[in-house]
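Quick note on numbering: the sequence shown equals residues 169 to 411 in our numbering. Working notes, beginning with the structure itself.
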Amino acid sequence: MKLTGDFHTHTTYTHGTSTIEENVRQAENLGLEYLAITEHSYNSIYHIKHGDLDKMRQDIADIKDKYQVKVLLGIEANLISSKGDIDISDEELKSLDLVVLGFHKMTKVKPCEWFGFVLPNILRKKPTKKQIERNTNAYLQAIEKHRISIIAHLNYAGCYVDCGKIASVCAKKGIYIELNGKRINFSRQDFEAMLKTDVKFIIDSDAHDVDSVGKNHRAFNLIEKYKIPLDRIANLDSVPKFN
């Protein structure tokens with residue numbers, strides 16, 4: 169059982185502590201075949217600047233022949249509205265190898281979305297049925313509107329969703345649901361609901377430092393605990409194909 173790639177990592181371009189090359193070198197040391205650099209997009213408190221994608225692309229090109237690891241350039245886009253809006257243009261998404269989508273607390277949104285979408289999730293410990301429905305619909309609309317490859321850390325920051333419903337749509341569209349190295353917020357019921365669909369999962373580190381690249385013990389423990397079939401993990405002994 170081999171992890172072929174880590175498809176969610178950060179660098180000094182946002183609030184990671186390691187460079188692109190340091191992450192790549194670590195990936196090679198671990199025997200990974202693929203590594204994705206997926207910095208936070210423009211509305212996050214820690215975000216890339218306009219023009220950084222071109223700089224990152226050049227950084228990757230400069231080290232292409234130094235390592236065996238294939239380096240992918242992606243983005244971690246922010247879900248910024250209950251209507252499924254994200255904080256990067258669809259034109260920019262076309263130039264990337266993959267697109268990770270996540271909900272974050274510290275993200276710039278319109279005032280109406282802050283009070284109607286973000287803040288209620290952060291403040292309420294136990295989500296209401298209405299909140300779960302609203303959050304679920306926000307993700308589903310984002311999936312319909314934009315190019316998405318991976319859904320990151322579902323249920324994070326109080327943004328609880330109907331995991332089964334999202335998994336069903338992701339399965340049809342070839343979108344992976346992430347088992348995140350820093351945050352896995354799924355209950356047994358969530359896993360049971362998702363496993364009733366054909367969705368596939370992907371193991372990522374969400375590394376913000378070089379030592380975390382390729383590391384995700386939590387995911388492996390949960391795969392064993394919940395008896396998740398290994399053929400449902402896209403980057404175990406296989407290479408995922410991204411939208």
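Just so it is clear, CB atoms sit at the ideal spot from N, CA and C, and this is done for glycine as well.
Requested in this report: Classify Ile318 as buried or exposed, calling it buried when 16 or more other Cβ atoms lie within 10 Å of its own Cβ.
Outcome: buried
**Report entry** Sequence-distant residues of its chain with Cβ nearer than 6 Å to His208 (five each side left out)
**Finding:** Thr182, Tyr214, His215, Glu244
Query raised in the report: With a CB to CB cut of under 6 Å and the five nearest residues on each side skipped, what residues in its chain are close to Arg302?
Result: Ser250
Query - Which of helix, strand or coil DSSP assigns to Glu201 - result: coil
Requested in this report: Please state whether DSSP places Val367 in a helix, a strand or coil.
Outcome: coil
Query raised in the report: Which same chain residues, not among the five before or five after Phe359, have their C-beta less than 6 Å away from its C-beta?
Result: Tyr394
**Report entry** Closest by C-alpha distance to Ala325, when choosing among Ala339, Val192, Pro288, Ala306
**Finding:** Pro288
Query raised in the report: What is the DSSP secondary structure of Ala320, counted as helix, strand or coil?
Result: coil
Report task. Please confirm whether Phe175 and Leu266 have their CB atoms less than 8 Å apart. Result -> yes
Query raised in the report: Given a threshold of 16 other Cβ atoms within 10 Å of its Cβ, counted over all protein chains shown, does Ala229 qualify as buried or as exposed?
Result: exposed
Report task. Give the straight-line distance between the Cα atoms of Ala204 and Ile370, rounded to the nearest whole angstrom. Result -> 13 Å
Query raised in the report: So Thr187 is in the alpha helix (DSSP H); what residue range does that whole segment cover?
Result: It is not in any alpha helix (DSSP H) - Thr187 carries neither H nor E in the DSSP assignment.
**Report entry** Burial state of Leu322, where buried means 16 or more other Cβ atoms lie within 10 Å
**Finding:** buried
Report task. Indicate whether Leu240 and Tyr210 have their beta-carbon atoms separated by less than 8 Å. Result -> no
Query raised in the report: Going by other Cβ atoms of all chains shown within 10 Å of its Cβ, with 16 needed for buried, is Val277 buried or exposed?
Result: buried
Report task. For Ala195, collect the residues of the same chain with a Cβ closer than 7 Å to its Cβ; drop the 5 residues on either side in sequence, then sort them by chain order. Result -> Asp174, Leu203, Val237, Val381, Gly382
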